[in-house]
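Following numbering that gives the first Met the number 0 from start to finish, the sequence shown increments by one per residue and tops out at 147. For reference, the structure discussed in these notes is given below.
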Amino acid sequence: MTSLRLSWEPRILSLLRIVTGLLFLQHGLNKLFNFPATANHVPYNVSSLVPGLQAPIELIGGLLIVLGLFTRPVAFILSGNMAVAYFMAHAPRGFFPLQNGGNGGELAILYCFVFLYLWLAGGGEWSLDRLLRRNPGGTTTATAARAA
Numbered sequence: 000m001t002s003l004r005l006s007w008e009p010r011i012l013s014l015l016r017i018v019t020g021l022l023f024l025q026h027g028l029n030k031l032f033n034f035p036a037t038a039n040h041v042p043y044n045v046s047s048l049v050p051g052l053q054a055p056i057e058l059i060g061g062l063l064i065v066l067g068l069f070t071r072p073v074a075f076i077l078s079g080n081m082a083v084a085y086f087m088a089h090a091p092r093g094f095f096p097l098q099n100g101g102n103g104g105e106l107a108i109l110y111c112f113v114f115l116y117l118w119l120a121g122g123g124e125w126s127l128d129r130l131l132r133r134n135p136g137g138t139t140t141a142t143a144a145r146a147a
């Protein structure tokens, strides 16, 4: 069981990264382009700092997370972004998410900690970061370090 877990761990990490990135990306797409279309869509004022900056951060950050490109720095930024989003938009209505009613900020908290994990763990086996990290001999730097 241990060998099965160890062999699949980097792939499951990649799946977590890809699914999280796709879910996060849809928030940016919806804010900027109303895609996927929602009934009560209110266009964001992109020229304002908050929440206008939120849409491009979600769009570009989500795309980079899906691709696994610059995973660690992007995940760090997105984790902080979600912490700020929770404390600015949700916590003022009540610190505990269930006190906020409707979208009480659980998603912001969950994204914050998943991105924090990705900052520490990296993009996993199926990421552009891993492909770009390859040595000329075809091995990754992590594999080369383990072999040494």
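Here a beta-carbon is modelled for each residue, glycine too, at the ideal position from N, C-alpha and C.
What residue from the options has the CA that sits closest to residue i's CA?
i      : options              : result
Leu115 : Ser126, Val73, Gly67 : Val73
Gly51  : Pro35, Leu22, Leu31  : Leu31
Between residue i and residue j, how many whole angstroms is the CB-CB distance? I'm expecting something under 8 Å.
i     : j     : result
Leu24 : Leu62 : 6 Å
Gly27 : Leu5  : Going by Cβ atoms, the distance from Gly27 to Leu5 rounds to 35 Å, so no, they are not a contact pair.
Ile56 : Asn80 : 6 Å
Please go through the same chain and pick out, in chain order, the residues whose beta-carbon is closer than 6 Å to the beta-carbon of residue i, but skip the five residues on each side of it.
i      : result
Asn99  : His89, Arg92, Gly93
Ile76  : none
Val113 : Thr19
Gly60  : Val73, Leu77
Arg10  : Glu124
Excluding the five sequence neighbours on either side, which residues of its own chain have a C-beta within less than 8 Å of the C-beta of residue i, listed in chain order?
i     : result
Thr37 : Asn29
Leu97 : Gly103
Arg16 : Ile64, Val65, Gly67, Thr70, Leu117, Gly122, Gly123, Ser126
Keeping to the same chain, check which residues put their C-beta closer than 7 Å to that of residue i; ignore five residues upstream and five downstream.
i     : result
Thr1  : none
Leu12 : Ala120, Gly123
For residue i, count neighbouring Cβ atoms within 10 angstroms of its own Cβ and tell me buried if that reaches 16, exposed if not.
i      : result
Leu117 : buried
Ala144 : Residue placement at Ala144 cannot be trusted, given a pLDDT of 47 that sits under 50; the coordinates are not used to answer.
Val41  : exposed
Ile64  : buried
Arg129 : buried
Given the structure, does residue i come close to the ligand SAM, in the sense that its CB is under 8 Å from one of the ligand's heavy atoms?
i     : result
Leu28 : Among the components modelled here there is no ligand, and therefore nothing to report on the ligand SAM.
Review point. Would you call the region 106-114 and the region 81-98 in contact, with 3 or more CB pairs under 8 Å?
Key: Taking 8 Å as the limit for Cβ pairs, the verdict is that the region 81-98 does touch the region 106-114.
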